[in-house]
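See below for the structure under consideration.
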Amino acid sequence: MKSKTDVLIIGGGLVGCATAYYLAKKGVPVTLVEKGQLNRQASGQNAGSLHFQLEFRMVHFWKELEKEMSELIPLSIESEKVWATLEQELQADMEVLQHGGFMVAETKEELELLKKKQDLENRWKLNTVLLTGDEARKIAPYLSKNIIAAAYCPIEGHANPRLVAPQFAKRAAEYGACIRTDSGVTDISRNNGKWEVTIKNSDVYETEHIVFAAGAWIEDLAKMIGLHVPVYPVPLTMNVTEPVMPFMEHMVQHAGKRITMKQVRDGNVLIGGGWSSRFVKKNGKIDFNQLPMILPDVVRENCTIASELVPNVSYLRLLRSWPGVTGITHDQLPLLGEFSERKGIWVAAGGSGFTFGPLYGSILSDLITKGSTDFEIEAFRPGKLAHLNLFMS
Ligand SMILES: Cc1cc2nc3c(=O)[nH]c(=O)nc-3n(C[C@H](O)[C@H](O)[C@H](O)COP(=O)(O)OP(=O)(O)OC[C@H]3O[C@@H](n4cnc5c(N)ncnc54)[C@H](O)[C@@H]3O)c2cc1C
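Under the UniProt record's numbering, the residues of the sequence shown are numbered 1 to 393, in order.
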């Protein structure tokens, strides 16, 4: 069967669902196709952190990523504006809480790093303040005595990842978007000046625009149009404790260790921060389509750090650990915009995609409908990969 649509979005995670919503709201005929079910990959598996101050995964590589960090701060500020009104926009409670977040330091070296970080953030107009350990404990008495300082960002927070993408999809459908699950894309070709997208080797969509919103699987889609797009799949681990009475109002991360933690509305403490799980192999090769394996030592170490930073956590029972796969880029910056080599093919990927997903969707909808966006995205344009694709026809 052959159908037509103005925009075909590939991927039913947060990026795809948000893009479908903002386009449909503008009256654009849009179809979203998802290989499995909506929100079953990174967008529904993540830690739900709304990261607005710079994260450990960047500050840890200060020398290598200083320029990239400067590019990212304005995006964080813009993203916060979207989250601040998102529940109103989507008319739903998605457990969005912005009670502030800490990046803590336990050593002098980590304190020096926090000073540099705060200086850079303040230069780019992101409001973070540096507190002593005692000042931090006044706001957050649950923090360990070992913490000597903390960067505090009052707008940080978290939301429930199980609710956000589905709500975008629901509202997109109400505005007329067609959402198809169990509809994996198996081929993309160019015919008579239009793109043709084949679903499950049978149905075909003819379209002007295609949005690659396939997260860690974007590289597979890019190969269908003869481009190299390096989005690397990485396997991560999340942990959650039993629920307890509220005691922890903020998000907590660390300047020198991989950790994020927060207490969600149901009372559970979510513990993550970029610890690995392990991809499994099939016929001697890593199989990116299978759920990665949880590594017990990693769970132990992640939870030990959590208990050291917030001693109350050491009394809690671990309920569950789960793996998830996300896509990262070589410079830790997003890829956002149209491919200069393939007109009408758009992408949004990389970065802290739960935090930025709604903004990516909003920006893509402006770019596709108006050809421009009010927000500066030069550093994120896929044109920066042109040198990789010089020889790809
Ligand atoms: C454990 C973990 C914790 C994280 N914690 C945070 C956090 O706290 N804060 C934060 O900001 N970010 C976090 N992230 C990152 C964040 O979750 C991702 O960046 C974001 O969800 C990416 O959204 P997406 O829609 O691009 O991708 P996904 O949610 O992965 O969605 C992509 C979709 O594309 C579909 N697809 C793939 N190939 C095809 C095809 N050929 N045809 C049709 N559909 C296809 C997939 O089935 C999938 O549903 C975390 C990620 C993980 C895994």
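Quick reminder that beta carbons are idealized off the backbone N, C-alpha and C, glycines included.
Grab me the residues of residue i's own chain with a C-beta within less than 7 angstroms of its C-beta, minus the 5 sequence neighbours each way, in chain order.
i           : result
residue 246 : 263, 267
residue 409 : For the chain, the structure presents residues 1 to 393; residue 409 sits outside this window and is missing.
residue 82  : 358, 359, 362
residue 93  : 87
residue 389 : 227, 228, 341
residue 393 : 226
residue 173 : 179
residue 375 : 78, 363
residue 191 : none
Within the same chain, show all residues whose beta-carbon is closer than 8 angstroms to that of residue i, passing over the 5 residues directly before and after it, in chain order.
i           : result
residue 234 : 216, 276, 325, 326, 327, 328
residue 313 : 241, 261, 269, 271, 303, 306, 307
residue 373 : 363, 366, 367
residue 330 : 230, 232
residue 126 : 52, 53, 73, 76, 77, 153
residue 122 : 128
residue 100 : 139, 152, 153, 154, 155, 156, 157, 249, 250, 251
residue 28  : 6, 7, 365, 368, 369
residue 386 : 340, 341
residue 282 : 290
residue 301 : 275
Can you tell which of the options has its C-alpha closest to the C-alpha of residue i?
i           : options            : result
residue 196 : 19, 344, 310       : 344
residue 79  : 158, 33, 113       : 158
residue 214 : 362, 388, 37       : 37
residue 33  : 66, 18, 185, 175   : 185
residue 49  : 252, 128, 212      : 252
residue 453 : 132, 346, 370, 285 : No statement about residue 453 is possible, as the shown extent of the chain runs from 1 to 393 and does not include it.
residue 156 : 165, 103, 174      : 103
residue 295 : 283, 322, 382, 181 : 322
residue 35  : 100, 339, 212, 382 : 212
residue 244 : 319, 172, 382      : 319
residue 221 : 356, 339, 28       : 339
residue 113 : 63, 283, 288       : 63
residue 194 : 133, 219, 7        : 7
residue 288 : 132, 171, 219      : 219
residue 181 : 191, 192, 166      : 166
residue 117 : 171, 91, 385, 254  : 254
residue 91  : 132, 315, 170      : 170
Can you give me the Cβ contacts of residue i inside the same chain, cut-off strictly under 6 angstroms, excluding the 5 residues immediately before and after it?
i           : result
residue 232 : 328
residue 334 : 350, 351, 380
residue 177 : 20, 24, 30
residue 310 : 142
residue 1   : 203
residue 248 : 142, 263
residue 98  : 155, 157
residue 163 : 94
residue 273 : 258, 259, 260
residue 175 : 24, 25
residue 146 : 106
residue 383 : 340
Establish whether the CB of residue i and some CB of chain B are separated by less than 8 angstroms.
i          : result
residue 70 : You won't find chain B in this structure, because it holds only one protein chain.
With a cut-off of 8 angstroms on the beta carbons, I'd call residue i and residue j a contact; round off their distance for me.
i           : j           : result
residue 130 : residue 115 : 7 angstroms
residue 105 : residue 77  : Not really, about 23 angstroms apart at Cβ, beyond 8 angstroms.
residue 250 : residue 151 : The Cβ separation is near 12 angstroms, so there is no contact.
residue 449 : residue 299 : Residue 449 is absent from the model: the chain starts at 1 and stops at 393.
residue 135 : residue 265 : So it is not a contact: roughly 27 angstroms between Cβ atoms.
residue 332 : residue 65  : 6 angstroms
residue 278 : residue 293 : 5 angstroms
residue 224 : residue 259 : With a Cβ gap of about 38 angstroms, residue 224 and residue 259 do not count as contacting.
residue 26  : residue 369 : 5 angstroms
residue 337 : residue 286 : Going by Cβ atoms, the distance from residue 337 to residue 286 rounds to 29 angstroms, so no, they are not a contact pair.
residue 348 : residue 168 : At roughly 13 angstroms, the Cβ-Cβ gap does not stay under 8 angstroms, so residue 348 and residue 168 are not in contact.
residue 68  : residue 256 : No, residue 68 and residue 256 are not in contact; Cβ-Cβ is about 20 angstroms, not under 8 angstroms.
residue 124 : residue 183 : The pair is not a contact, with the Cβ atoms about 41 angstroms apart (cut-off 8 angstroms).
Notebook entry, point to check: Where in the segment 14-74 do unbroken runs of the beta strand (DSSP E), each at least 3 residues long, occur, reported from the N-terminal end onward?
Noted result: Qualifying beta strand (DSSP E) stretches, in chain order: 30-33.
Next item on the list: Would you be able to state if there are at least three C-beta pairs under 8 angstroms between the segment 199-213 and the segment 45-54?
Entry: With contact defined as three or more Cβ pairs closer than 8 angstroms, the segment 45-54 and the segment 199-213 are not in contact.
Next item on the list: For the segment 236-254 and the segment 81-88, state whether three or more C-beta atom pairs, one from each stretch, are separated by less than 8 angstroms.
Entry: With the cut-off at 8 angstroms, the segment 236-254 and the segment 81-88 do not touch.
Checklist line | Runs of alpha helix (DSSP H) wholly within the segment 86-122 (minimum 4 residues, chain order) | finding: The qualifying runs are 86-90.
Margin query: Which complete beta strand (DSSP E) runs does the segment 222-292 hold, if anything under 3 residues is left out?
Written below: Fully contained in the segment 222-292 are the following beta strand (DSSP E) runs of length 3 or more, in chain order: 232-241, 251-254, 260-263, 269-272.
Check: Hey, is the segment 204-215 in contact with the segment 59-72, meaning 3+ C-beta pairs nearer than 8 angstroms?
Finding: Under the three-pair Cβ rule at 8 angstroms, the segment 204-215 does not count as touching the segment 59-72.
Next item on the list: Can you check the segment 355-393 for any beta strand (DSSP E) of at least 3 residues that lies completely inside it and give the ranges in chain order?
Entry: Entirely contained in the segment 355-393, not one beta strand (DSSP E) run reaches 3 residues.
Checklist line | Sufficient close CB pairs (3 or more, under 8 angstroms) joining the segment 8-17 to the segment 30-49 | finding: Flag = yes, the segment 8-17 and the segment 30-49 touch.
Next item on the list: Could I get the ranges of all uninterrupted beta strand (DSSP E) runs contained in the segment 168-210, with 3 residues as the minimum, in chain order?
Entry: For the segment 168-210, whole beta strand (DSSP E) runs of length 3 or above, ordered along the chain, are 178-180, 185-191, 194-199.
Check: What are the complete alpha helix (DSSP H) segments, minimum 4 residues, inside the segment 294-348?
Finding: Taking only runs of at least 4 residues, the alpha helix (DSSP H) segments lying wholly in the segment 294-348 are 296-309.
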